[in-house]
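Trainee: So the sequence lines, in the order shown, correspond to chains Y and X.
According to my numbering, the first sequence is numbered sequentially starting from 158.
According to my numbering, the second sequence is numbered sequentially starting from 158.
2 protein chains.
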Amino acid sequence: MIKTVVIDDDKLVSLSLKTILESGSEITVAEIGSSGSEAIALYEKHAPDVMLMDIRMNDMTGIEAGEKILSAHPDARILYLTTFSDDEYIVKALNMGAKGYILKQDFEGIAPAVSAVMRGQRVFGDEVMTRLPELMQRKSAFDFAAHDISEKEQEIIVLVARGLSNKEIAAQLFLSEGTVRNYLSSILDKLSLRDRTQLAVFYYTKCSGSADF
Amino acid sequence: MIKTVVIDDDKLVSLSLKTILESGSEITVAEIGSSGSEAIALYEKHAPDVMLMDIRMNDMTGIEAGEKILSAHPDARILYLTTFSDDEYIVKALNMGAKGYILKQDFEGIAPAVSAVMRGQRVFGDEVMTRLPELMQRKSAFDFAAHDISEKEQEIIVLVARGLSNKEIAAQLFLSEGTVRNYLSSILDKLSLRDRTQLAVFYYTKCSGSADF
DNA sequence: AATTTTATATGACAAATGTCATGTATCGAC
DNA sequence: GTCGATACATGACATTTGTCATATAAAATT
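(1) Could you confirm whether any beta carbon from chain Y is found closer than 8 Å to the beta carbon of X:D263?
(2) Can you find a C-beta in chain X that's less than 8 Å from the C-beta of Y:D381?
(3) DSSP three-state call for Y:Q329: helix, strand or coil?
(4) Within 8 Å of any Cβ in chain Y, is that where the Cβ of X:S272 sits?
(5) Could one say the Cβ of Y:V315 lies closer than 8 Å to chain X's Cβ atoms, at least one of them?
(6) To which residues does DSSP link X:F281 through a beta bridge?
(7) With H, G and I counted as helix, E and B as strand and the rest as coil, what does DSSP make of Y:M210?
(8) Just checking my contact of X:R353 with X:L341 at CB under 8 Å: how many whole Å lie between their CB atoms?
(9) Mind listing which residues of the region 326-357 of chain X have their C-beta closer than 7 Å to chain Y's C-betas, in chain order?
(10) Express the C-alpha separation of Y:V170 and X:A368 in angstroms, rounding to a whole number.
(11) Roughly how many angstroms lie between the CA atoms of X:D206 and X:G320, to the nearest whole one?
(12) By Cβ distance below 6 Å, which residues in the same chain neighbour X:M217 in space, the five residues on each side in sequence not counted?
(13) Please say whether Y:L345 and Y:L332 have beta carbons closer to each other than 8 Å?
(14) Under 8 Å Cβ-Cβ, which residues of chain Y neighbour X:G282?
(15) Tell me, please, whether the CB atom of Y:A229 is closer than 8 Å to any CB atom in chain X?
(16) Mark Y:T195 as exposed unless 16 or more other C-beta atoms lie within 10 angstroms of its C-beta, in which case mark it buried.
(17) Distance cutoff 8 Å, beta carbons only. Does X:R319 sit that close to anything in chain Y?
(18) What in chain X is Cβ-close to Y:Y361, meaning under 7 Å?
(19) Is there a Cβ from chain X that is less than 8 Å from the Cβ of Y:P269?
(20) Quick one: is X:F264 buried, meaning 16 or more other Cβ sit within 10 Å of its Cβ, or exposed?
(21) Go ahead and label X:G181 buried or exposed: buried means 16 or more other beta carbons lie within 10 angstroms of its beta carbon, across all protein chains shown.
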């Protein structure tokens with residue numbers, strides 16, 4: 158028997174979920190809650206095998222609640238439910254160590270998902286998974302401001318990361334080649350890099366995705 | 158009732174799988190096969206709801222077989238089994254549209270995985286999923302062979318893409334700096350690039366991921 | 001054994017790169 | 001109006017880079 162706790166803002170949803178989950182003989186819903194803080198409390202109270210939780214709720218996002226639970230119980234199995242792929246959260250949930258992320262519309266799929274999660278698998282809705290590659294790309298945007306990188310410097314970074322030479326960059330931005338060099342020099346200094354190649358590497362590994370390209 | 162076909166090189170494995178899957182009352186194994194070509198034939202013959210397939214087999218990789226099946230039946234549900242995370246294949250399988258990728262050691266997890274897949278979810282073993290973020294970065298591997306890029310040249314590409322100077326690369330590979338330059342020169346020529354920075358850009362956008370890093 | 005390939009190395013050279021000190025014009029603050 | 005900041009530019013310099021022609025020894029072919 159798999160013991161679960163269901164958390165959803167909308168009572169109607171959580172009750173339907175309870176019904177669905179308990180319609181088989183494998184799953185029980187120990188209790189249902191409707192907020193992030195309740196999620197934490199109920200996890201402590203029941204120590205469920207699997208916790209099903211809505212991603213977006215009033216007081217706290219499901220992510221935050223999940224983080225708290227996981228920091229106290231690293232082996233907690235949290236399965237997120239979402240109405241319609243809330244893109245932003247998918248990657249976070251994944252990195253956080255959530256065991257799954259599925260659409261709640263998908264009634265039939267939920268019970269099997271719970272039991273797969275119980276057995277150590279991770280489960281993702283088809284649509285969710287499909288978007289994943291693209292979401293994954295977007296790395297954590299690098300905080301240029303924190304490093305005193307000006308607008309113009311950022312433009313230059315982007316062009317360097319496109320493989321342009323100083324001369325080409327100069328032409329593109331209507332600057333003299335010398336000026337471009339000066340900018341570049343200051344960029345390298347600020348980021349503690351040695352040359353344009355390292356800057357390109359930096360761009361593709363640490364930052365990326367903020368602006369164009 | 159979920160109809161499945163199981164494909165595994167090792168008869169022992171496929172028979173055990175059959176037993177496990179059929180121990181519940183939800184899944185039947187219509188037939189078992191042991192090669193990529195058989196996979197295709199058996200898919201045609203039974204049109205199973207879910208096909209469980211080993212990743213590495215004699216005649217053909219599970220990936221190839223899967224590709225063929227999916228091109229003929231885009232909605233086929235293929236669930237890959239792997240002995241121990243064969244990293245290289247994970248991303249391919251995912252992009253290809255496989256419904257899951259789980260460890261076969263994980264007996265208990267397999268049946269729930271099959272039923273979750275049947276319901277439209279995608280299922281991944283915990284270990285598999287954990288590696289995913291890092292594997293994802295690595296774009297579709299570039300075909301070095303097609304461009305006459307030698308082993309040594311590839312090593313150099315990787316180091317350039319790490320931001321090392323010629324001198325550093327030379328030290329790393331126990332070559333003279335001049336030799337490194339020569340290699341690099343020939344690489345640039347073969348790939349029609351102009352300088353090391355463009356090579357790094359190339360590495361992060363077009364190829365990447367074949368070797369280390 | 002003779003020959004070709006392969007892997008490595010050199011040296012010479014031009015171009016690109018990065019650094020630095022300095023110069024000039026504009027613009028806003030005081 | 002002066003002062004200081006900002007944005008752009010220069011020139012000089014050392015280094016690094018990329019290209020090319022050539023060399024050598026070992027390994028593979030013949």
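All C-beta atoms, glycine included, are put in the ideal place defined by N, C-alpha and C.
The structure presented is a predicted model; accordingly, all values stated were derived computationally and were not measured.
Mentor: The short version:
(1) Position 106 of the second sequence, counted from the start, is the residue given in the question as residue 263 of chain X. Judged by the 8 Å Cβ criterion, X:D263 is in contact with chain Y.
(2) It is not possible to answer for residue 381 of chain Y, since the shown part of chain Y is limited to 158 through 370.
(3) Within the first sequence, residue 329 of chain Y is the residue found at index 172, counting from 1. Looking at Y:Q329 - three-state DSSP - the assignment turns out to be helix.
(4) Working through the second sequence from its first residue, we reach residue 272 of chain X at position 115. Closer than 8 Å: yes.
(5) On the first sequence, position 158 is the one that residue 315 of chain Y refers to. For Y:V315, the answer is no, since every Cβ of chain X falls outside 8 Å of its Cβ.
(6) Taking the second sequence and counting its residues from 1, the one referred to as residue 281 of chain X is at position 124. X:F281 pairs with Y:R279 and X:Y258.
(7) Residue 210 of chain Y sits at position 53 when you count from the first residue of the first sequence. In the displayed model, Y:M210 falls within a strand according to three-state DSSP.
(8) Counting from one through the second sequence, the residue named residue 353 of chain X turns up at place 196. Counting from one through the second sequence, the residue named residue 341 of chain X turns up at place 184. Contact flag correct, Cβ pair sits at about 7 Å.
(9) Per Cβ criterion, the list reads R353, T354, Q355 and A357.
(10) In the second sequence, counting from the first residue as 1, residue 368 of chain X sits at position 211. In the first sequence, counting from the first residue as 1, residue 170 of chain Y sits at position 13. Confidence at X:A368 is low in this model, with a pLDDT of 37, below 50, so the placement of that residue is unreliable and no value is reported for it.
(11) Taking the second sequence and counting its residues from 1, one reaches residue 206 of chain X at position 49. Taking the second sequence and counting its residues from 1, one reaches residue 320 of chain X at position 163. When rounded, the distance between both Cα atoms is 49 Å.
(12) The residue labelled residue 217 of chain X in the question sits at position 60 within the second sequence. Within the same chain, X:M217 has close Cβ partners G193.
(13) By one-based count along the first sequence, residue 332 of chain Y stands at place 175. By one-based count along the first sequence, residue 345 of chain Y stands at place 188. Result no, Cβ atoms of Y:L332 and Y:L345 do not sit closer than 8 Å.
(14) Taking the first residue of the second sequence as 1, we reach residue 282 of chain X at position 125. What X:G282 touches in chain Y: G277, Q278 and R279.
(15) The residue given as residue 229 of chain Y occupies position 72 in the first sequence. Answer no: the Cβ-Cβ gap between Y:A229 and chain X never drops below 8 Å.
(16) Translated into the one-based positions of the first sequence, residue 195 of chain Y becomes position 38. Per the sequence presented here, residue 195 of chain Y reads as Glu, with Thr not at that position. With 16 or more Cβ atoms within 10 Å of its Cβ, Y:E195 is classed as buried.
(17) Here residue 319 of chain X refers to the residue found at position 162 of the second sequence. Chain Y, which has a Cβ nearer than 8 Å to the Cβ of X:R319, makes this yes.
(18) Within the first sequence, the letter at position 204 stands for residue 361 of chain Y. In chain order: Y361.
(19) Here the question's residue 269 of chain Y lines up with position 112 in the first sequence. Closer than 8 Å to some Cβ of chain X, the Cβ of Y:P269 qualifies, so yes.
(20) To locate residue 264 of chain X, count along the second sequence from 1; it is residue 107. Exposed, since its Cβ has fewer than 16 Cβ neighbours within 10 Å.
(21) What you label residue 181 of chain X is simply residue 24 of the second sequence in a count that begins at 1. Exposed, since its Cβ has fewer than 16 Cβ neighbours within 10 Å.
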